Structure formats: structure tokens, C-alpha cells
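Trainee:
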Amino acid sequence: MDRIRELIDLLNRYGHEYYVLDNPTVSDAEYDKLYDELVELEKIYGVEPDSPTRRVGGAPLSKFDTHIHLGRLYSLDKCKSVDSLQEWVSRIEKVTTDYDFVVEYKYDGLTVNLTYVDGVFKRATTRGDGVEGEDITQQVLTIQSVPLKIDCEGEVEIQGEAIMRLSALDAYNATATEPLKNARNAAAGAIRNLDPRVTASRKLEIICYNVGYSTKRKFVSQDDMHQFIADNFFGGYYYRKCKGIDEVVSCLEEIERDRDTLDFLIDGAVIKLNSVATQELLGFTEKFPRWAMAYKFKPMEMTTTLLGVEWQVSRSGKLNPLAILEPVDLGGVTVKRATLNNISEIRRRDIKIGSRVFIRRSNDVIPEIPAVAEHTAHSVEITPPSVCPACGGETCIDGVFVYCQNENCAPRTIDALEHFASKDALDIEGLSEKTCEQLYNELGVRTPLDLYSLTREDLLSLEGFKDKKVDNLLTSLSNSKKTELWRFIHALGIAGVGKKSAKSLSIQFDTIDALKSATVEEVLAVPDFGEIMARSVVDYFSSPTNLAIVDGLLDSGFDFEKKQKATGIFSGKVVVLTGTLQNFKRSVAARLIEERGGSVVDSVSKAVNLVVKGESAGSKAEKALKLGIEIIDESEFERLISD
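Heads up: the sequence shown is residues 1281 to 1923, going by our numbering.
1) Under the three-state reduction of DSSP, which class applies to residue 1881: helix, strand or coil?
2) Have a look at 1739, 1511, 1595, 1360 and flag the residue whose alpha-carbon is nearest the alpha-carbon of residue 1551.
3) CB residue 1474 to CB residue 1463, shorter than 9 Å?
4) What residue range does the beta strand (DSSP E) around residue 1609 cover?
5) Whole angstroms is fine: what's the gap from residue 1505's alpha carbon to residue 1487's?
6) Could you please give the first and the last residue of the uninterrupted beta strand (DSSP E) stretch that includes residue 1910?
7) Note down the Cα distance separating residue 1762 from residue 1706, rounded to an integer number of angstroms.
8) Specify the secondary structure class of residue 1414 as computed by DSSP and reduced to three states.
9) Can you look up residue 1359 in the DSSP assignment and give me helix, strand or coil?
10) Need the endpoints of the alpha helix (DSSP H) that residue 1627 sits in, please.
11) So is residue 1858 buried or exposed if we call it buried at 16+ other beta carbons inside 10 Å?
12) By the three-class DSSP mapping on this structure, what secondary structure does residue 1550 have?
13) Spatial neighbours of residue 1320 within its chain, please: CB distance less than 6 Å, with the 5 preceding and 5 following residues excluded, ordered by chain position.
14) For the beta strand (DSSP E) that contains residue 1346, what are its first and last residues?
15) Going by DSSP, which residues form a beta bridge with residue 1638?
16) List the endpoints of the continuous alpha helix (DSSP H) containing residue 1379.
17) Count the CB pairs spanning the region 1548-1563 and the region 1493-1500 that are closer than 8 Å, and state whether there are at least three.
18) Tell me whether the region 1374-1386 and the region 1527-1535 touch, counting them as touching only if at least three CB pairs, one residue from each stretch, are closer than 8 Å.
19) Identify whether residue 1676 lies in helix, strand or coil by the three-state DSSP scheme.
20) At what residues does the beta strand (DSSP E) containing residue 1780 begin and finish?
21) Would you be able to state if there are at least three C-beta pairs under 8 Å between the region 1689-1702 and the region 1616-1629?
22) To the nearest angstrom, how far is it from the Cα of residue 1367 to the Cα of residue 1569?
23) Would you decide whether residue 1325 is buried or exposed? Buried here means 16 or more other CB atoms lie within 10 Å of its CB.
24) So, under 8 Å CB-CB, residue 1426 and residue 1449 are touching, yes? Tell me the CB distance rounded to an integer number of Å.
25) Nearest to residue 1672 by CA position, among 1824, 1687, 1457, is which residue?
26) Does the region 1650-1666 come close enough to the region 1706-1715 that 3 or more CB-CB pairs lie under 8 Å?
27) Looking at the unbroken alpha helix (DSSP H) that takes in residue 1832, where does it start and where does it end?
28) According to the Cβ coordinates, are residue 1931 and residue 1589 closer than 9 Å?
29) Would you call the region 1724-1732 and the region 1804-1815 in contact, with 3 or more CB pairs under 8 Å?
30) So within the region 1644-1714, which uninterrupted alpha helix (DSSP H) runs reach at least 4 residues, ignoring any that extend past its ends?
31) Taking DSSP as the reference, what is the three-state secondary structure of residue 1402?
32) In whole angstroms, give me the CA-to-CA distance for residue 1813 and residue 1871.
33) By how many angstroms is the C-alpha of residue 1755 removed from the C-alpha of residue 1632?
34) If distances are taken between C-alpha atoms only, which option among 1459, 1909, 1312 comes closest to residue 1651?
35) If I measure Cβ to Cβ from residue 1471 and keep anything under 8 Å in the same chain, skipping five residues before and after, which residues do I get?
36) Assign residue 1388 to one of two classes, buried (16 or more other C-beta atoms within 10 Å of its C-beta) or exposed (fewer than that).
Right, dumping it as C-alpha cells:
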């Protein structure tokens, strides 16, 4: 029995490090060996209440039993404006003026109530009507982040939210025959599925944030409760103290601004009074506590009807399907279009014209359609065009994409010219999409090289071009020849090479001649470059047409500025940022690293020297640990940049 206890404690610690802290300290093989030993011992001596072997999903249940909560689970009153929030604070001030607030995320999942008796996990239930919920113990036992034993005497009920991370949803949908519609429904469906094995397959987490009932442990504040939850392996959650309404509003603005960077859904924030004594003084209505308020953000997901599909031609000749939608308000923006990715995703998600679809907006990019809400009697299949809608040329399907085979297709050429002149490329002021279209149609401009052959007389012949506009454009074209190498590489429009990868190429090869003669193996040595990107670079410079354009541009007088490389604490280091940093935007942290001599990449590989880990870090930290790469937290990062 001593060995059983030793194994249980070890395995629970290893499980917590792996699933909650994302910082495993033993290999999978070592864990499995200890786990198998425990299973064999339990066949003889029985299973302890906090044994990790209890987490395995059993046979499907025939139905859910109901259970009455020890303490009632209240709903929260809601508001959507600062004025309404101020009204709530004014009502509090009629009772007391001695208060401070705490602010937490309002997670968008399924509320779960966990019961522990003398520190041992007893049951889990849904919220239900607040008085009685459904017993989902077998389902919750499959969720690795839920501790089976905590340090607490007596009976205690801890509330949390069952969520499915967006990265877990994407991973699940990548291989699922029936993709899940969204993370919220995926979590609720997994918890309320009678088969615990379904719950286990979705890799849920439960984020706990409240102790609703306790017979022995008494709490004097939300601070006290927060510390108890953190000390008992329930994982981290957003928690911010605020002195007054102005600090609360500032906090809400910060959360809403950073909302798109999170790996899980939130639909608002919860503001609570910190003092439990003050909470008791204010009490409850029939439905809500008077001492808490849910501040709701604008929705990031809605449903609408797919009216049709447009196929837009990119500079690579790829025909990108664009959904035309019945206009819908999403996060305060009227959305009329959404990306459809490619024909394979359209088929896999069973998206049809005339169907009602979910629309999701994230990271300030064009909205996407993650799933179908319902088909209608008017739903019809989406078929890829056999001819290019822009030039009438033949199309072909290569993998999951549709391509126009006409290299002289007007939209392809105009898009390539506009990209060449864009702000993140050569930043040629005055070369808008409309101007590129004029140059294409009226002056026969087909390649970037043609731009540098334009004369004053050529431009004066165009409608809308007067002396000043012509002079400005010619000056911009001349100035663009003195640039940084990465900007030139990015401007060429090599398939798959964006701003960040162009910078990586310029660091690795230093000159355009070195890049032109690079092999696939040499390009593969660049951080974040895989086989497809490496071949794309080599294939581009293997084309006589492309080489003629590049050499012509160089002959026209391009001069690449040699910037002195920054030096500092990160000199020569390749760094990955993962998780949510509390005191830095990701872009600011990356700039600070680059200013101190380092380079920042997105993925972990053997070329990486350092990983900076914020809250809710994912698999990157785990991979770094397995590769033996140094990992630091945000406080250590702050110390390094201060030094």
C-alpha cells in the first residue's frame, strides 16, 4: 500500500505538470511504466479515490442521474455598457462606500460544479437550474486538469467552466469526419454526452473560479478564494484587482482588446466585490448576487445565410473562394463576406449556398465559416469554376486549390504589382491597386521591372495624372531602390514567403546572390522553413523568367542597406514566444528581443535557443522541454530586458 500511495502521488504530480503546467518532467515511457505498475497493484489491493486510473472513460451511461447542489448556483446579472455598469456601482454605494473589485474572464463554455469531501473528489454536476444539476462525474473524470485530491477538510463545492481550447478544436477538426461547430458547443456536447470516451477525445479543461459552498474552510475575500483555487492545482485564470470603476473600465478595455489572442472563448468579464463580508451585506435577488456583474462583450460569432460564392484570383493564380453573406452584425462590424479557404474544406464542412452558417471573426482578419448551422430546401453544392472568372482561361485543381493557368491573367499581374509596392514590401507611395490597374491596362506594365522603365511622358498620358502626382510617383520609384534586402525578397512575391520569413532569409543569406544560388537543404536550415517553403524559394530562382526580372531590377540600380546588427542579451539567439504575456503585447516583446540582437520565430525546432513562456502556453513549451531548449517565464524575460 505504501508503494501504491507513492505511485499515485508521483503520477498525479506528473499529470499536473503535463496537462496543467505544460511542463512535463518525465518522458511518456517513464510515465507509462509507473502507470502500468499501479494498475497491476490495484488488481490486488483495490483502487484509491485519487488514483489516476479512475480517469479512464468507462462504458456509456444509459442516462444522467440528478443531484441537488449543497449550495445554490446563482446566475449573474448582465450589462453591456459602461453606463449600466456605473448604475450597478451606484446601487452598491447606497449600501457601502468601502469596497474594491476583482475582475475575471467570463468563460464561454459549460458551468461545472465539483464536490470534494475531506479533500477527495466526490462528484461533478452541471449547473442545471442552480438548485439541481445532472451528475457528470464519469465525464469529468476524463479531464486531466481536474485534481482528484486537494488540501481541504469537510465538504466543498468549487465552480468552474468546462472549455475546449481553440487549438484543441482545430486539432480535433483536422481529422474529424464531422467537424465540431465551435468550441463552446464542443465543450457542452462533450460534457453532456453519455459516453465518457467522447468527452476524453475532446481534451477539455475546467477553469475554476469560485468556491460556492464549504463546511470547514471559510473565506474572507475573493483574494483568499483565488489563492485557495491556485494552491490546489486548478490551473491559472485571469484575476485582476481594481480599486474603483475607472480601473475596472480600463481592465475591461484591455481584456476586450486582447480577446482575439486567447486560445479559448470568452464572451465578457465578471466584476465582483472582493470582500465576502460586503458580499453578505448586499445579499442576493431571486436570481442574482447583488455583489457581482457580468459585462458582456460584442459577439464574435453569429449565424447568417450563405448567398453565393465569388472566386478571386491571387497573384499566384490561385482562385480563392469568398462567401457572399446576408449582412450580419458581428462584434460591432457589418459582415458581408467570409473566407472559405479551399474546396477541400468546403466539402469537409459540407458548406452549401443557401444554407445557414456560423460566422466567426478573430485576430482582426476576414471572418471565416467554421461550420454549417443548418441546410435548407434551397441549399446547393459549391462547385469550383472550370474557367477563370477574370480572364476566361482554363483552370486546374492542384491538391486542395483551384488555379488559373493563364500566366497573363490580369488580376494575377495587378495583384503582384500591388504587392511589390505595398507598405511591407518596397513601400512605393502612389502605387495603389487602382494605379496598378491603370498601368496594366494603358501602359502595358506586366512585371515590377516595367515600373522602372516608366517615363514622365508615359505617366502624364494617364487620366488623373498631373505634374505633382507624376513627380511623386517617379520619386517614390527612385527611392524604393535604396531598401533593405528583406523588403526586396518579400516584394518578389515568392509563394509562401511573407514578411517574417523574408527577414529570416535575409539574415541567413545576407546577399541576394547567395539566396539565388541556395539549395533546398540550405533554405531548410532557416528557422520556421519546412520542405514546401524551401522548395518554393529554390523553384522561384530556378525560373529563367523570374531570374531575368530579379537581375533586371538589380541592374536598374537597387542598393541594399546594410543595417548594423543589434547586439545585446539575445545576440545570436533564436527565440519563440508562447502563451499569453501579461505585461507585453506579442509584437512589443518580439521588437524588444530583436533590438537586443535576437530573432523571433513561430515554431519550436532544433534551431531555437530560447522559449519565453506566458500563461496558458501550449504544446510549444512541451516540445521545447523535450528538445532540451531553455525555457523562461515572463518575470525572467522582464529581468533580462531590464539588464
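Yeah, the Cβ is synthetic: ideal placement off N, Cα and C, and Gly gets one too.
Since we're looking at a predicted model, the values are computed, not measured.
Mentor: Per the coordinate set shown:
1) strand
2) Taking the Cα of residue 1551 as reference, the smallest distance to any Cα among 1739, 1511, 1595, 1360 is reached at 1360.
3) No, Cβ-Cβ distance for residue 1474 and residue 1463 is not below 9 Å.
4) 1598-1610
5) So the alpha carbons of these two residues sit roughly 14 Å apart.
6) 1910-1913
7) 9 Å
8) In this structure, DSSP gives residue 1414 an extended state, which the three-state scheme calls strand.
9) strand
10) 1623-1628
11) buried
12) strand
13) none
14) 1346-1348
15) 1583
16) Membership of residue 1379 in any alpha helix (DSSP H) is not indicated, and neither H nor E is assigned to it by DSSP.
17) yes
18) yes
19) If DSSP states are grouped into helix, strand and coil, residue 1676 belongs with the strands.
20) Here residue 1780 belongs to no beta strand (DSSP E); instead the alpha helix (DSSP H) covers 1779-1789.
21) no
22) 15 Å
23) exposed
24) The pair is not a contact, with the Cβ atoms about 20 Å apart (cut-off 8 Å).
25) 1687
26) They do not touch, by the three-pair rule.
27) 1824-1835
28) Nothing in the structure corresponds to residue 1931, since the chain is present only between 1281 and 1923.
29) No, they do not touch.
30) 1690-1701
31) strand
32) 25 Å
33) Their Cα atoms are separated by approximately 49 Å.
34) Ranking 1459, 1909, 1312 by Cα distance to residue 1651 puts 1459 first.
35) 1390, 1392, 1406, 1416, 1419, 1420, 1442, 1479, 1484
36) buried
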